[in-house]
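*Asks:*
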Amino acid sequence: MSDTKSHDVAELDMRERAADFLVSRHTFRWTEALPWLIAIACFFLFPNRMTFGNQLLIMVMFALSLDLIMGYAGIVTLGHAAFFGVGAYTVALASLQLGWTEPVSGLVAGGVMAGIFGAVVGWFILRYRGLTLLMLTIAFGAMLQESGNLRSDITGGYDGLPGLMFDPLFGYFQYDLYGHTNYWYVLGVLAIMFYIVRRIVYSPFGQTLTGIRENVRRMHAIGSPVHRRLVTVYAISAAIAGVAGALFTQTNAYVTLTVFDFDNSAKVLVMLILGGTGRLYGPFLGAAVYMILEDYFSKLSPTFWQLGIGLLLVLAVLFARRGVLGIAEDAGGWFAAIKSRGASAPRRLVWKREYWNALGASALDGAIIGFIAGFAVNLNQAGFMTTYVTSMPARAILFTLAGAAVGAGINAVYLLITSRTSVEEQTS
Amino acid sequence: MPHFATIAVSILFDGLAYAMFLFITAVGLSVTMGLMGFVNLAHGAFAMAGGFIVVSLTRSYGIDFVPSLVIASVLIGLISARFERRLYRRLYKATELDQVLLTIGLAFMAIAIFTYFYGPIPKSVPLPEWLEGDVNLGFRSFPTYRAFLIALGAVLIAVLWYGFEKTNIGAKIRAAVDNRQMAESVGINVDRLFTLTFAVGSGLAALGGGLAIQLFGLTPSFAVLYLVLFLIVVAVGGLGSLKGTLLAALVIGIIDTAGKYTFPVAGNLFIYAITAIVLLYRPTGFFGRE
Numbered sequence: 009m010s011d012t013k014s015h016d017v018a019e020l021d022m023r024e025r026a027a028d029f030l031v032s033r034h035t036f037r038w039t040e041a042l043p044w045l046i047a048i049a050c051f052f053l054f055p056n057r058m059t060f061g062n063q064l065l066i067m068v069m070f071a072l073s074l075d076l077i078m079g080y081a082g083i084v085t086l087g088h089a090a091f092f093g094v095g096a097y098t099v100a101l102a103s104l105q106l107g108w109t110e111p112v113s114g115l116v117a118g119g120v121m122a123g124i125f126g127a128v129v130g131w132f133i134l135r136y137r138g139l140t141l142l143m144l145t146i147a148f149g150a151m152l153q154e155s156g157n158l159r160s161d162i163t164g165g166y167d168g169l170p171g172l173m174f175d176p177l178f179g180y181f182q183y184d185l186y187g188h189t190n191y192w193y194v195l196g197v198l199a200i201m202f203y204i205v206r207r208i209v210y211s212p213f214g215q216t217l218t219g220i221r222e223n224v225r226r227m228h229a230i231g232s233p234v235h236r237r238l239v240t241v242y243a244i245s246a247a248i249a250g251v252a253g254a255l256f257t258q259t260n261a262y263v264t265l266t267v268f269d270f271d272n273s274a275k276v277l278v279m280l281i282l283g284g285t286g287r288l289y290g291p292f293l294g295a296a297v298y299m300i301l302e303d304y305f306s307k308l309s310p311t312f313w314q315l316g317i318g319l320l321l322v323l324a325v326l327f328a329r330r331g332v333l334g335i336a337e338d339a340g341g342w343f344a345a346i347k348s349r350g351a352s353a354p355r356r357l358v359w360k361r362e363y364w365n366a367l368g369a370s371a372l373d374g375a376i377i378g379f380i381a382g383f384a385v386n387l388n389q390a391g392f393m394t395t396y397v398t399s400m401p402a403r404a405i406l407f408t409l410a411g412a413a414v415g416a417g418i419n420a421v422y423l424l425i426t427s428r429t430s431v432e433e434q435t436s
Numbered sequence: 016m017p018h019f020a021t022i023a024v025s026i027l028f029d030g031l032a033y034a035m036f037l038f039i040t041a042v043g044l045s046v047t048m049g050l051m052g053f054v055n056l057a058h059g060a061f062a063m064a065g066g067f068i069v070v071s072l073t074r075s076y077g078i079d080f081v082p083s084l085v086i087a088s089v090l091i092g093l094i095s096a097r098f099e100r101r102l103y104r105r106l107y108k109a110t111e112l113d114q115v116l117l118t119i120g121l122a123f124m125a126i127a128i129f130t131y132f133y134g135p136i137p138k139s140v141p142l143p144e145w146l147e148g149d150v151n152l153g154f155r156s157f158p159t160y161r162a163f164l165i166a167l168g169a170v171l172i173a174v175l176w177y178g179f180e181k182t183n184i185g186a187k188i189r190a191a192v193d194n195r196q197m198a199e200s201v202g203i204n205v206d207r208l209f210t211l212t213f214a215v216g217s218g219l220a221a222l223g224g225g226l227a228i229q230l231f232g233l234t235p236s237f238a239v240l241y242l243v244l245f246l247i248v249v250a251v252g253g254l255g256s257l258k259g260t261l262l263a264a265l266v267i268g269i270i271d272t273a274g275k276y277t278f279p280v281a282g283n284l285f286i287y288a289i290t291a292i293v294l295l296y297r298p299t300g301f302f303g304r305e
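Protein sequence lines correspond, in order, to chains A and B. Residue 38 in my numbering is what sits at position 30 of the first sequence, and the numbering runs on without skipping anything. Residue 58 in my numbering is what sits at position 43 of the second sequence, and the numbering runs on without skipping anything.
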């Protein structure tokens, strides 16, 4: 009897904690003000980089819209640039064809158009999942781009529509060359969009989305209208992406069909992954990290930047699946654990036979990579080390050996870090 | 209407050559996706790497075009097997998103590395004499290289069909695509099977990359430029289906060629429209399984 009683007490306790969590999780925490304070501080710290700042904030908004469907509802898409593009072109064409140059109402128009488009496309494609859905998102984005190119007399094609003019903001604030007005404008719109997304995420509707992400079958089983929910959130997300696109056109006064590019969809996905999916501030951090790194490294060398972003993605998937914010959380948890445990126990390296096999395998991989590199340098008579080693076979051998050594070395360091177990764990 | 007939024959011939390239490159992707459900966006990178190995072997080492193709396929097959063992293996149970991200990251890295070594300018290969010029088939003459491509494609289809339908390994692969757990429980080592098919598929992609040099010219961005096309062929054909991949390659290849001949402004609109229509009506593709 006492067993069931204590069980009941434990369950009651759990329920209470769950209830507490549900009541308190959407309350505002002071740390949430931090990104906004930083954004405001940046205006005063880097007044000359405000055009870059505008682009950064627009990408944050774009990534936020993707987070809503991918991070919360679990819809993987590689065609989100389509909605960005619809918003961007709505504003541009309204200004050119209809003379509709009032910025705020243009923004609304861009969002509504993209939202309608998202609802229609979503109604068709959201019955499917996996590869089929991925391909359909790509296909619809590409079809829009190709249709735009077909009527390049209206859209300007890949040369774009330059020299768009917009009325002063609220009929009063003039745009300046440095993008100062635009920065406040974009930041204000971002704050509104963020508020909407935050409300959605913490609403019962947001909870059904998380449910669909975690287990579709169960959501069907409890009678949740899955398809309708997904189409709704897809349309909302498309509308936010459309607003971001509209802002892009308004702040640049210029738009080309490249906004529909597959690259654009992939880029925003990468930003979100770097920041961390399914969390409200992931898009902020991800977009900031990506844009700042890109700004710096692509000036040095675009090739180098491409290598870097590829490497970042691979490392993020293998080691930091929950993005930069996930790492921060892990580190926080680690410190808390150390604090509660007192001084950490002394650690000792335990060598196992598998490690030698692992080292051998990585040496083989390194050798293959080195061989290919040597082979490529040999064949093109260009690149590094060509001046030091002149004979072709010597260079190939040298590269192979160096590759093997580097491969084994990297793995040795990795093993040294990971194979250390504390004395505590060994004795237990 | 002789003029119409001429165009129709040209479309059919060029479309067939294009379809063979698509089939050779994409068939490995289809089988590996069907077998493991692994979304491998680095497939195009293997094709691109194969193409550059062919460029290097022919240009710098003076090896003939056809032997270079063979060497490149074997090399890429072996290297891809290492990749599978090292990296892909970790993500079989991960979500599609993780797989997409890892492999697109690898593709970006491959593009950057090959741009560093080979530069962004399109490369070409010296063809042997017997592949140059035109070949007369009685009623009219065709470019020899494309005829060679079609013939090679036909041979490969026959070989793959035999391997898939008539050999023991082919039967195991089919069993594993149908029901992986069942295949494992009757004692088929699906992991090893997968490494094998992955290596063969990447080797074929490298062959396709080598063959593509003459058709499109080869730049490092080949890795992602044609990737969407390969994925379309795989998705439209149905995962893990040889027949489906062939049918999809033929449909996409011929209709795209027809579109480019008759209505060049539309670009790739036809391909994407077909993809959307097929997938909306048959979400698992022509011969895909639920």
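We put the CB at the ideal spot given by N, CA and C, even for glycine.
1. Counting contacts by CB-CB distance shorter than 7 Å, is F245/B in contact with chain A?
2. Of all the residues that make up the segment 214-236 of chain A, which are near chain B by a beta-carbon distance shorter than 9 Å?
3. Using C-beta distances below 7 Å, list every residue in its chain close to F61/B, excluding the 5 sequence neighbours before and after it, in chain order.
4. Residues in the same chain with beta-carbon distance under 7 Å from Y107/B, minus the five sequence neighbours each way, listed in chain order, please.
5. Given that N194/B touches chain A, what residues does it touch there, using C-beta distances under 8 Å?
6. If you count every other CB in all the chains shown that lies within 10 Å of the CB of R161/B, and 16 or more means buried, which is it?
7. Kindly indicate the opening and closing residues of the beta strand (DSSP E) around D149/B.
8. Indicate whether G59/B and L262/B have their beta-carbon atoms separated by less than 7 Å.
9. Any residues in the segment 285-298 of chain B with a beta carbon nearer than 7 Å to a beta carbon of chain A? Which ones, in chain order?
10. According to DSSP, what are the bridge partners of S156/B?
11. F123/B versus chain A: which residues are under 8 Å apart at the beta carbon?
12. Using a threshold of 7 Å, state whether the C-beta atoms of G87/A and T145/A are closer than that.
13. Just the Cα atoms here: how many angstroms apart are V251/B and G196/A?
14. So, does the segment 197-209 of chain A touch the segment 256-273 of chain A, judging by three or more C-beta pairs under 8 Å?
15. How would you write the range of the alpha helix (DSSP H) that I281/A sits in, first residue to last?
16. Could you check where the alpha helix (DSSP H) with V115/B kicks off and where it finishes?
17. Run the CB neighbour count on W313/A, radius 10 Å, all protein chains shown included, and call it buried at 16 or more, exposed below.
18. Flag this pair as touching only if the segment 90-109 of chain A and the segment 164-173 of chain A have three or more C-beta atom pairs under 8 Å; answer yes or no.
19. Since G343/B meets chain A, which of its residues come closer than 9 Å, beta carbon to beta carbon?
20. One question on the structure: do S88/B and L72/B come within less than 7 Å of each other, judged by their Cβ atoms?
21. To which residues does DSSP link F181/A through a beta bridge?
22. From the DSSP output, in three-state form, read off L254/B for me.
23. Counting Cβ pairs, one atom from each stretch, are 3 or more of them under 8 Å apart for the segment 115-129 of chain B and the segment 304-319 of chain A?
24. Beta carbons nearer than 7 Å to chain B: which residues of the segment 133-147 of chain A have them?
25. Among Y180/A, A89/A, A295/A and A26/A, which has the Cα closest to the Cα of E110/A?
26. Kindly list, in the order they appear in chain B, the residues whose Cβ is closer than 8 Å to that of D373/A.
27. Would the segment 52-66 of chain A and the segment 210-229 of chain A be scored as touching if the rule is three or more Cβ pairs under 8 Å?
28. What residues are listed by DSSP as bridge partners for L169/A?
29. Shortest alpha-carbon distance to R155/B belongs to which of P279/B, V70/B, F209/B and A23/B?
30. Helix, strand or coil for L134/A, going by three-state DSSP, please let me know.
31. Distance cutoff 7 Å, beta carbons only. Does I162/A sit that close to anything in chain B?
32. Name, please, each residue of chain B whose Cβ falls closer than 8 Å to the Cβ of M151/A.
33. What span of residues does the alpha helix (DSSP H) with Y296/B cover, start to end?
34. So is the beta-carbon of F174/A under 6 Å away from any non-hydrogen atom of the ligand FAD?
35. What does DSSP give as the partner residues of L233/B in its beta bridges?
36. Which bits of chain B does N272/A rub up against, with CB to CB less than 8 Å?
*Replies:* So, from the data block:
1. Position 230 of the second sequence, counting from 1, holds the residue named residue 245/B. No, its Cβ sits nowhere closer than 7 Å to a Cβ of chain A.
2. none
3. For this step, residue 61/B is matched to residue 46 along the second sequence. Excluding positions up to five away in sequence, the list reads I91, S95, S217, A220 and A221.
4. Your numbering for residue 107/B matches position 92 in the second sequence. Closer than 7 Å at the Cβ level, and outside the excluded window around Y107/B, lie M51 and F53.
5. On the second sequence, residue 194/B is found 179 positions in, with the first residue counted as 1. Neighbours of N194/B on chain A: none; closest Cβ ~18 Å, over 8 Å.
6. Counted from its first residue, the second sequence places residue 161/B at position 146. Answer is buried; the Cβ neighbour count reaches 16.
7. Translated into positions along the second sequence, residue 149/B becomes position 134. D149 to N151 is the span of the beta strand (DSSP E), which, as asked, contains D149/B.
8. The count along the second sequence starts at 1 and reaches residue 59/B at position 44. The count along the second sequence starts at 1 and reaches residue 262/B at position 247. Contact flag unset, no.
9. Y287, A288, T290, A291, L294, L295 and P298
10. Numbered from 1 along the second sequence, position 141 holds the residue referred to as residue 156/B. S156/B is bridged to N151/B.
11. As a position in the second sequence, residue 123/B is number 108, starting the count at 1. Result: Q314, L315, I317, G318 and L321.
12. Along the first sequence, read from residue 1 onward, the residue named residue 87/A stands at position 79. Along the first sequence, read from residue 1 onward, the residue named residue 145/A stands at position 137. In contact: G87/A and T145/A (Cβ atoms closer than 7 Å).
13. Residue 251/B sits at position 236 when you count from the first residue of the second sequence. Residue 196/A sits at position 188 when you count from the first residue of the first sequence. Cα to Cα, the separation comes out at about 44 Å.
14. no
15. Mapped onto the first sequence, residue 281/A falls at position 273. F270 to G283 is the span of the alpha helix (DSSP H), which, as asked, contains I281/A.
16. Reading the second sequence from its first residue, position 100 is the one you call residue 115/B. Run containing V115/B: E111 to Y133, per the alpha helix (DSSP H) assignment.
17. Looking up residue 313/A in the first sequence gives position 305. So W313/A ends up on the buried side.
18. yes
19. Any question about residue 343/B goes unanswered here, given that chain B covers just 16 to 305.
20. Here residue 88/B corresponds to residue number 73 of the second sequence, with the count starting at 1. Here residue 72/B corresponds to residue number 57 of the second sequence, with the count starting at 1. Cβ distance not < 7 Å, so S88/B and L72/B don't count as in contact.
21. On the first sequence, position 173 is the one that residue 181/A refers to. In the DSSP output, where bridge partners are listed per residue, F181/A has L177/A.
22. Here residue 254/B refers to the residue found at position 239 of the second sequence. DSSP places L254/B in coil when its eight states are reduced to three.
23. yes
24. Y136, G138, L139, T140, M143, L144, I146 and A147
25. For the purposes of this step, residue 110/A is taken as residue 102 along the first sequence, with counting starting at 1. Residue Y180/A is the option with its Cα nearest to E110/A.
26. Along the first sequence, read from residue 1 onward, the residue named residue 373/A stands at position 365. Those are R97 and R101, listed as they occur along chain B.
27. no
28. The count along the first sequence starts at 1 and reaches residue 169/A at position 161. Its beta-bridge partners are V263/A.
29. Mapped onto the second sequence, residue 155/B falls at position 140. The shortest C-alpha separation from R155/B is found at A23/B.
30. The sequence position of residue 134/A within the first sequence is 126, counting from 1. Of the three classes helix, strand and coil, the one that applies to L134/A here is coil, per DSSP.
31. On the first sequence, residue 162/A is found 154 positions in, with the first residue counted as 1. I162/A does not count as touching chain B.
32. Your numbering for residue 151/A matches position 143 in the first sequence. Under the 8 Å cutoff, chain B gives L284, Y287, A288 and A291.
33. Within the second sequence, residue 296/B is the residue found at index 281, counting from 1. Start and end: L284 to Y296.
34. As for the ligand FAD, it is missing from this structure, which has no ligand bound.
35. By 1-based counting over the second sequence, the position of residue 233/B is 218. K138/B.
36. On the first sequence, position 264 is the one that residue 272/A refers to. Within chain B, no residue comes near N272/A; the closest Cβ sits about 13 Å away, beyond 8 Å.
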